[in-house]
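K.L.:
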Amino acid sequence: QVFEATCSAPVNIAVVKYWGKRDTSLILPTNSSLSVTLSQDQLHSKTTIRASESFTEDQLWLNGKQESISSNKRLVACLRETRALRANIESKDESLPKLAHLKIHICSENNFPTAAGLASSASGYACLVFTLATLFDLRLNASELSIIARQGSGSACRSLFGGFVAWEMGQNDDGSDSKAVQIAPETHWPELEAMICVVSDAKKGTSSTEGMQLTVKTSPLLQHRIKEVVPRRMEDMIQAIKDRNFPRFADLTMQDSNQFHAVCLDTYPPIFYMNDISRAIIRIITEYNKSGVKAAYTYDAGPNAVIYAPRENMPEIYALLSHYFPGAAFADSLGMLKEQKKDW
Ligand code: DP6
Numbered sequence: 003q004v005f006e007a008t009c010s011a012p013v014n015i016a017v018v019k020y021w022g023k024r025d026t027s028l029i030l031p032t033n034s035s036l037s038v039t040l041s042q043d044q045l046h047s048k049t050t051i052r053a054s055e056s057f058t059e060d061q062l063w064l065n066g067k068q069e070s071i072s073s074n075k076r077l078v079a080c081l082r083e084t085r086a087l088r089a090n091i092e093s094k095d096e097s098l099p100k101l102a103h104l105k106i107h108i109c110s111e112n113n114f115p116t117a118a119g120l121a122s123s124a125s126g127y128a129c130l131v132f133t134l135a136t137l138f139d140l141r142l143n144a145s146e147l148s149i150i151a152r153q154g155s156g157s158a159c160r161s162l163f164g165g166f167v168a169w170e171m172g173q174n175d176d177g178s179d180s181k182a183v184q185i186a187p188e189t190h191w192p193e194l195e196a197m198i199c200v201v202s203d204a205k206k207g208t209s210s211t212e213g214m215q216l217t218v219k220t221s222p223l224l225q226h227r228i229k230e231v232v233p234r235r236m237e238d239m240i241q242a243i244k245d246r247n248f249p250r251f252a253d254l255t256m257q258d259s260n261q262f263h264a265v266c267l268d269t270y271p272p273i274f275y276m277n278d279i280s281r282a283i284i285r286i287i288t289e290y291n292k293s294g295v296k297a298a299y300t301y302d303a304g305p306n307a308v309i310y311a312p313r314e315n316m317p318e319i320y321a322l323l324s325h326y327f328p329g330a331a332f333a334d335s336l337g338m339l340k341e342q343k344k345d346w
């Protein structure tokens, strides 16, 4: 008998960035962060997991290529946690099929380029954990699942929810309070849209994981950011979202992206994620906003721009950006996690 589950999970793009860990194995951050989950129409990860007595070892295929599981500590942690929860449920209910001890085959795909700074690890690990929880019938809520997904990749914990999502950094050493919570569902602000401007889909130079630890070690500006700036900015951002105040949301988003890249520059040796085209887009959006704030840019650990704007402004922004960068832009709107099927 083969047990099988397939799920998909969305990408999220932070407007208050996560950058820095206080615990690198449990993936506990040095500051809280906040993101917007994108719709799955254009960007998502999709994972199928099968469990069977006939499998002799755990195996993983990522975008069609076989990869090692044992050398991936983060994947091993997600498997260990979900299997332990399943074993616990099985020990309490004899009638349940025994799945916790079975070997599994994981098949995972992104429909967008991996490691191009497009948050593939976020949707990938959210999807892995959601699919394991579905296969094992764990019945945890999204915040509880986010604690497991966080151990795969920090930003993944935010992809368990749709809409506007905070990752509360928490205080506990065991990470039990470092979890994602939904600030507002996607229906709260349906006019808000995101557009991703793909400047380059080449694999980035410095991974987020390596980059942020070098920042923690060397950047005095990061200490200022995590102590003085982010706590207040989280509150202001949550208020701006609750009020659907776009100019406020946009100012905070752009300021936070700017400070994140300033912190990268303050890292020693410095880390550059934006390129000349990224900076040109910042200039264009700044110019466009002179008559009133109508768009916000943000950049993660790569050169690609994500533009947030009310839907009515998008055609104009698209026209503006594709005029300067022909063929570089595509749009997406907001959405949430979708469970596709579960067979058993
Ligand atoms: C710039 O979640 O990829 O996108 O926890 O080491 O896997 P790890 O890092 P990751 O870092 C994301 C950094 C960011 C900002 C953000 O998404 O908040």
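Just so you know, we're using the UniProt record's numbering here: the sequence shown kicks off at 3 and counts up by one.
Note that the Cβ used here is the ideal one computed from N, Cα and C, for glycine as well.
#1: Which residues in the same chain have their Cβ closer than 8 Å to the Cβ of residue 80, if we skip the five residues on either side of it in sequence?
#2: Quick check on the DSSP output: the alpha helix (DSSP H) that includes residue 58 runs from which residue to which?
#3: Would DSSP call residue 117 helix, strand or coil?
#4: Helix, strand or coil for residue 320, going by three-state DSSP, please let me know.
#5: From the DSSP secondary-structure annotation, give me the bridge partner or partners of residue 348.
#6: Just grab the DSSP bridge partners of residue 108 for me.
#7: Does DSSP put residue 272 in a helix, in a strand, or in coil?
#8: Starting from residue 284, follow the alpha helix (DSSP H) in both directions and report where the run begins and ends.
#9: Answer yes or no: do residue 269 and residue 189 have a C-beta to C-beta separation smaller than 8 Å?
#10: Compute the distance between the beta-carbons of residue 39 and residue 74, then report whether it is under 8 Å.
#11: Roughly how far, in whole angstroms, is the beta-carbon of residue 54 from the beta-carbon of residue 4, given that I think they are within contact range, below 8 Å?
#12: Any heavy atom of the ligand DP6 within a distance shorter than 7 Å of the CB on residue 258?
#13: Three-state secondary structure (DSSP) at residue 182?
#14: How many Å lie between residue 109 and residue 264 at the Cα?
#15: Give me whichever residues DSSP pairs with residue 94 in a beta bridge.
#16: Rounded to the nearest angstrom, what separates residue 196 and residue 323 at their Cα positions?
#17: For residue 347, count neighbouring Cβ atoms within 10 angstroms of its own Cβ and tell me buried if that reaches 16, exposed if not.
#18: Exposed or buried, which one is residue 22 when buried takes at least 16 other CB atoms within 10 Å?
#19: Do residue 2 and residue 319 have their CB atoms nearer than 8 Å?
#20: Per DSSP, residue 31 is paired with what?
#21: Where do the N-terminal and C-terminal ends of the alpha helix (DSSP H) with residue 68 fall, by residue?
#22: Once DSSP output is grouped into helix, strand and coil, what is the label at residue 326?
#23: Give me the Cα-Cα distance between residue 175 and residue 239, rounded to the nearest whole angstrom.
#24: Could you name the residues that DSSP lists as bridge partners for residue 298?
#25: Alpha carbons only, please: which of 148, 59, 312 is nearest the one belonging to residue 83?
#26: Let me know the secondary structure DSSP gives residue 13 once reduced to three states.
#27: Looking at the structure shown, is residue 187 part of a helix, part of a strand, or coil, going by DSSP?
#28: Can you grab the Cα-Cα spacing for the pair residue 78 / residue 71, in whole Å?
#29: Would you kindly check if the distance between the Cβ of residue 125 and the Cβ of residue 12 is under 8 Å?
#30: Which term fits residue 173, buried or exposed, when burial requires 16 or more other beta carbons within 10 angstroms of its beta carbon?
#31: So the alpha helix (DSSP H) residue 44 belongs to, where does it begin and stop?
#32: Between 244, 34, 280, 68, which lies nearest to residue 185 when the distance is taken from Cα to Cα?
#33: Do you know how far the Cα of residue 302 is from the Cα of residue 309?
#34: For residue 102, does the three-state DSSP call read helix, strand or coil?
#35: Could you give the distance in angstroms between the alpha-carbon of residue 26 and the alpha-carbon of residue 104?
#36: For the alpha helix (DSSP H) that residue 129 lies in, which residues bound it at each end?
P.N.:
On the basis of the supplied data:
#1: Residue numbering aside, residue 80 sits at position 78 when the sequence shown is read from its first letter. These residues qualify, in order along the chain: 127, 130, 131, 134, 150, 151, 153, 154.
#2: On the sequence shown, position 56 is the one that residue 58 refers to. It is not in any alpha helix (DSSP H) - residue 58 carries neither H nor E in the DSSP assignment.
#3: Sequence index remark: in the sequence shown, residue 117 carries index 115 (1-based). Low per-residue confidence applies at residue 117: pLDDT is 40, beneath 50, and the placement is therefore not dependable, though the value from the model is reported in the following sentence. Here residue 117 sits in coil by DSSP.
#4: Translated into positions along the sequence shown, residue 320 becomes position 318. Looking at residue 320 - three-state DSSP - the assignment turns out to be helix.
#5: A question about residue 348 goes unanswered here, because the residues of the chain that appear run from 3 up to 346.
#6: Here residue 108 is taken as the residue at index 106 of the sequence shown, counted from 1. Residue 108 is bridged to 51, 62.
#7: Start at 1 with the first residue of the sequence shown, and residue 272 comes out as number 270. Coil.
#8: As a first step, residue 284 must be located in the sequence shown, where it is residue number 282. Where residue 284 is concerned, the enclosing alpha helix (DSSP H) stretches over 278-290.
#9: Start at 1 with the first residue of the sequence shown, and residue 269 comes out as number 267. Start at 1 with the first residue of the sequence shown, and residue 189 comes out as number 187. For residue 269 and residue 189, no; Cβs fall outside 8 Å.
#10: Counted from its first residue, the sequence shown places residue 39 at position 37. Counted from its first residue, the sequence shown places residue 74 at position 72. Cβ atoms of residue 39 and residue 74: not closer than 8 Å.
#11: In the sequence shown, residue 54 corresponds to position 52, counting from 1. In the sequence shown, residue 4 corresponds to position 2, counting from 1. With 8 Å as the limit, residue 54 and residue 4 qualify as a contact, their Cβ atoms being about 5 Å apart.
#12: Here residue 258 is taken as the residue at index 256 of the sequence shown, counted from 1. Not under cutoff, so the answer is no.
#13: Reading the sequence shown from its first residue, position 180 is the one you call residue 182. Correct three-state label for residue 182: strand.
#14: To locate residue 109, count along the sequence shown from 1; it is residue 107. To locate residue 264, count along the sequence shown from 1; it is residue 262. Going from the Cα of residue 109 to the Cα of residue 264 covers about 38 Å.
#15: As a working mapping, residue 94 is identified with position 92 in the sequence shown. The partner list for residue 94 (beta bridge, DSSP) is empty, contrary to what the question assumes.
#16: Translated into positions along the sequence shown, residue 196 becomes position 194. Translated into positions along the sequence shown, residue 323 becomes position 321. Cα to Cα, residue 196 sits roughly 14 Å from residue 323.
#17: Residue 347 is absent from the model: the chain starts at 3 and stops at 346.
#18: In the sequence shown, the residue the question calls residue 22 occupies position 20. Residue 22 should be labelled buried.
#19: The requested residue 2 does not occur in the structure, where the chain is confined to residues 3 to 346.
#20: Taking the sequence shown and counting its residues from 1, the one referred to as residue 31 is at position 29. Paired residues: 23.
#21: For the purposes of this step, residue 68 is identified with residue 66 of the sequence shown, where counting begins at 1. Taken as a continuous stretch (DSSP letters only), residue 68 belongs to no alpha helix (DSSP H), being part of the beta strand (DSSP E) at 67-69.
#22: Translated into the one-based positions of the sequence shown, residue 326 becomes position 324. Here residue 326 sits in helix by DSSP.
#23: By 1-based counting over the sequence shown, the position of residue 175 is 173. By 1-based counting over the sequence shown, the position of residue 239 is 237. Each residue's alpha carbon lies about 27 Å from the other.
#24: Locating residue 298 in the sequence shown gives position 296, counting from the first residue. In DSSP, residue 298 forms a bridge with 310.
#25: Taking the first residue of the sequence shown as 1, we reach residue 83 at position 81. Residue 83 has its Cα closest to that of 148, out of 148, 59, 312.
#26: On the sequence shown, position 11 is the one that residue 13 refers to. The answer is coil: DSSP assigns residue 13 none of H, G, I, E or B.
#27: In the sequence shown, the residue the question calls residue 187 occupies position 185. Note: residue 187 maps to coil in three-state DSSP.
#28: Reading the sequence shown from its first residue, position 76 is the one you call residue 78. Reading the sequence shown from its first residue, position 69 is the one you call residue 71. Spanning the two alpha carbons is a distance of roughly 7 Å.
#29: Your numbering for residue 12 matches position 10 in the sequence shown. Your numbering for residue 125 matches position 123 in the sequence shown. Taking 8 Å as the Cβ cut-off, residue 12 and residue 125 qualify as a contacting pair.
#30: Taking the sequence shown and counting its residues from 1, the one referred to as residue 173 is at position 171. Exposed, because fewer than 16 other Cβ atoms sit within 10 Å of the Cβ of residue 173.
#31: On the sequence shown, residue 44 is found 42 positions in, with the first residue counted as 1. Here residue 44 belongs to no alpha helix (DSSP H), and DSSP marks it neither H nor E.
#32: Position 183 of the sequence shown, counting from 1, holds the residue named residue 185. For residue 185, the nearest C-alpha among the options comes from 244.
#33: Stepping through the sequence shown from its first residue, residue 309 is reached at position 307. Stepping through the sequence shown from its first residue, residue 302 is reached at position 300. Straight-line Cα distance between these residues: approximately 12 Å.
#34: Locating residue 102 in the sequence shown gives position 100, counting from the first residue. Coil at residue 102, not helix or strand.
#35: Numbered from its first residue, the sequence shown carries residue 26 at position 24. Numbered from its first residue, the sequence shown carries residue 104 at position 102. The straight-line gap from Cα to Cα measures roughly 29 Å.
#36: Stepping through the sequence shown from its first residue, residue 129 is reached at position 127. Its alpha helix (DSSP H) spans residues 122-137.
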